[in-house]
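Okay, structure first, notes after.
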Amino acid sequence: MSNSTEPFYIRYYSGHNGRHGHEFLEFDFRVLGDGRSASARYANNSNYRNDSLIRKEMCVSSLMIEEIKRIIKTSEIMKYVSSIRLLRNGAHIWVGKMTANGHRRIKMGVKN
C-alpha cells in the first residue's frame, strides 16, 4: 500500500431493512486512472420523516488516499479480515486492488 499510483478501492456500507424501509449509509474511495487524484462517493438513504436518497461525489487528492492507506496499514485490520464472521445486517468493508478482471475483494463484517 505504498505506491501512490497503484489502483486502490475501498467501500464501506452499513444498512438494514426496518420500519422505514431499506436505510443505509455508504461511501467509497477509488483512485482515478491518472493515479494522482481519486473520487469519493457518499450515499445516505433514510425514509424517516420522508427523507430521500442523498448522493454526493467529489474529487480528493492523492494525499487523502495515502492517509486512508496509512490508517488501514497502522490499524492492522487486514490481519483480522478472515477471522471475523460475516453478518447479514452489519457493517461491511471492501478493500481491494483493481485489476483488469475486476478487483480482488476482501470482505469483512462487523456487528453494528
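At position 105 of the sequence shown (counting the first as 1) the number is 165 in the working numbering, and the numbers step up by one without a gap. Built from N, CA and C at the ideal position, the CB exists for glycine as well.
Span of the alpha helix (DSSP H), counted from its first residue to its last, around residue 128: Start and end: 122–135.
Among 90, 68, 81 and 137, the one whose alpha carbon lies nearest that of residue 105: Of the listed residues, the one whose Cα sits closest to residue 105 is 81.
Identity of the residue in 74, 73 and 124 nearest residue 97 by Cα: Looking at the Cα atoms, 124 is the closest of the given residues.
Own chain partners of residue 117 with C-beta closer than 8 Å, once the 5 adjacent residues on each side are dropped: Once the five neighbours on either side are set aside, the close Cβ partners of residue 117 are 99, 100, 101 and 102.
Buried versus exposed call for residue 68 [16 or more other C-beta atoms within 10 Å across all chains shown]: It is buried - the Cβ of residue 68 has at least 16 other Cβ atoms within 10 Å.
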